[in-house]
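Its first residue numbered 167, the sequence shown is counted upward by one per residue in the numbering used here.
From the three backbone atoms N, C-alpha and C, an ideal C-beta is built for every residue, glycine too.
Below is one structure, written out as structure tokens, with a few remarks after it.
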Amino acid sequence: MRADCHMHMILDGQYWRSAIARHAASPDIPWIRNILAGYQAQGFTYLRDGGDRWGAGKAAREIAPEYGIRYRTPLAPLCKAGHYGSFIGETWQDLHQFAALVRQHRENGADFIKIMISGLMNFDRCGVLTEEGLSATKIRELIHISHEEGFSVMAHANGARTVEAAAAAGVDSIEHGAYQNADSLAAMKENGTVWVPTLSTVGNLRGKGRFSEAAVAAIWETAVENVCRFGAMGGLIAPGSDAGAWAVPHDADTEHHLLIDILGPTAENILSLGTNAIQQKF
Numbered sequence: 167m168r169a170d171c172h173m174h175m176i177l178d179g180q181y182w183r184s185a186i187a188r189h190a191a192s193p194d195i196p197w198i199r200n201i202l203a204g205y206q207a208q209g210f211t212y213l214r215d216g217g218d219r220w221g222a223g224k225a226a227r228e229i230a231p232e233y234g235i236r237y238r239t240p241l242a243p244l245c246k247a248g249h250y251g252s253f254i255g256e257t258w259q260d261l262h263q264f265a266a267l268v269r270q271h272r273e274n275g276a277d278f279i280k281i282m283i284s285g286l287m288n289f290d291r292c293g294v295l296t297e298e299g300l301s302a303t304k305i306r307e308l309i310h311i312s313h314e315e316g317f318s319v320m321a322h323a324n325g326a327r328t329v330e331a332a333a334a335a336g337v338d339s340i341e342h343g344a345y346q347n348a349d350s351l352a353a354m355k356e357n358g359t360v361w362v363p364t365l366s367t368v369g370n371l372r373g374k375g376r377f378s379e380a381a382v383a384a385i386w387e388t389a390v391e392n393v394c395r396f397g398a399m400g401g402l403i404a405p406g407s408d409a410g411a412w413a414v415p416h417d418a419d420t421e422h423h424l425l426i427d428i429l430g431p432t433a434e435n436i437l438s439l440g441t442n443a444i445q446q447k448f
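In structure tokens form, the structure reads like this:
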């Protein structure tokens with residue numbers, strides 16, 4: 167059984183604007199079928215989508231059983247207005263609006279809730295994010311509201327402070343998780359948080375020349391170090407490539423190979439435990 171625990175059906179691994187435009191009027195079903203067939207050919211039986219507000223992931227979920235794939239989607243990810251994520255998700259201004267969106271997602275058949283609580287890595291400057299994360303209080307409230315409505319929570323989170331706050335609040339999975347430290351790793355371990363490090367989004371940049379090669383190499387080294395530390399702690403790690411992101415094609419399975427190389431002889435056991443935990447939670 168092969169799984170990709172973080173992918174984006176709406177994206178194509180190239181330019182996000184044109185990829186989204188493909189589905190803007192309505193989901194491009196032939197394109198979605200082609201992508202699902204590719205995953206089927208590679209032996210994938212589980213896909214967890216990062217969500218979109220145009221319904222590409224929702225359409226894929228309806229079709230996926232024809233390809234022997236269990237497909238899960240949050241529908242659209244939820245992000246605070248003015249912060250990262252609005253290009254693909256739905257925005258909220260205050261907790262009242264957030265709670266209303268969560269209830270709406272429940273009515274519309276979301277499998278889980280995805281929250282966007284930090285910026286991205288700046289791939290030209292190691293250690294720098296495009297924006298800092300939300301406050302620990304806000305993060306705790308978002309997770310609490312989602313859990314109260316019966317949802318598991320996937321969190322796009324970078325930066326040690328943000329990851330630690332989300333893990334302490336009981337988030338079910340951390341996506342990306344760049345620039346962690348001992349405290350954030352310990353918080354994930356203690357709270358049973360599954361980490362989906364999406365290493366392909368960094369590893370696949372090497373040698374491409376789009377960003378500073380020195381910065382990409384340094385970012386890669388920090389990611390590898392933290393994955394090794396978390397694995398050695400007995401933390402839950404699951405493979406998720408962020409397929410659809412730039413330089414990360416669908417169904418290539420680069421994430422699994424990267425994690426196997428990094429984690430060594432215990433990799434298969436670690437990834438099996440993490441993947442099982444994701445499928446139980448999501």
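Rounding to the nearest angstrom, what Cα-Cα distance links residue i and residue j in this structure?
i: aspartate 194; j: aspartate 349; result: 44 Å
i: alanine 302; j: glutamate 330; result: 9 Å
i: tyrosine 181; j: tryptophan 412; result: 7 Å
i: cysteine 171; j: threonine 388; result: 22 Å
i: glycine 369; j: lysine 355; result: 24 Å
i: serine 252; j: lysine 246; result: 8 Å
i: glycine 343; j: glycine 397; result: 14 Å
i: histidine 271; j: leucine 241; result: 7 Å
i: leucine 300; j: histidine 322; result: 11 Å
i: asparagine 442; j: aspartate 427; result: 20 Å
i: phenylalanine 317; j: methionine 175; result: 21 Å
i: leucine 439; j: glycine 401; result: 9 Å
i: proline 405; j: alanine 380; result: 25 Å
i: threonine 211; j: isoleucine 305; result: 32 Å
i: histidine 313; j: glycine 375; result: 42 Å
i: glycine 285; j: glycine 248; result: 11 Å
i: glycine 204; j: glutamate 434; result: 23 Å
i: proline 243; j: alanine 335; result: 19 Å
i: alanine 169; j: glutamate 341; result: 15 Å
i: arginine 269; j: glutamate 307; result: 15 Å
i: asparagine 200; j: leucine 177; result: 13 Å
i: lysine 447; j: arginine 238; result: 11 Å
i: valine 393; j: asparagine 324; result: 14 Å
i: alanine 266; j: threonine 364; result: 30 Å
So the alpha helix (DSSP H) residue i belongs to, where does it begin and stop?
i: aspartate 427; result: 420-429
i: alanine 266; result: 261-273
i: isoleucine 436; result: 433-447
So residue i and residue j are in contact, right, with Cβ under 8 Å, and what is the actual spacing, rounded?
i: glutamate 421; j: serine 366; result: 5 Å
i: arginine 214; j: isoleucine 444; result: 7 Å
i: tyrosine 345; j: glycine 293; result: 6 Å
i: isoleucine 385; j: phenylalanine 264; result: Incorrect: roughly 31 Å between the Cβ atoms, too far for contact.
i: glutamate 256; j: arginine 219; result: 6 Å
i: valine 463; j: isoleucine 281; result: No information on residue 463 is available, as it lies outside the stretch 167 to 448 that the chain covers here.
According to DSSP, what are the bridge partners of residue i?
i: leucine 402; result: Val360
i: alanine 409; result: Met173, Ala411
Which first and last residues belong to the beta strand (DSSP E) in which residue i is found?
i: isoleucine 281; result: 279-282
i: tryptophan 258; result: 256-258
i: cysteine 292; result: Taken as a continuous stretch (DSSP letters only), cysteine 292 belongs to no beta strand (DSSP E), as it is neither H nor E.
i: aspartate 170; result: 168-173
Could you tell me whether any non-hydrogen atom of the ligand FAD is closer than 7 Å to the CB of residue i?
i: leucine 286; result: Absence of the ligand FAD from the depicted structure is noted, as is the absence of any ligand whatsoever, leaving it without description.
**OP:** Kindly provide the ranges of any alpha helix (DSSP H) runs that are 4 or more residues long and lie completely inside the stretch 308-380, ordered along the chain.
**Re:** 326-334, 348-357, 366-369
**OP:** Return the chain-ordered ranges of every alpha helix (DSSP H) run that is complete within the stretch 188-253 and spans a minimum of 4 residues.
**Re:** 195-207, 222-229
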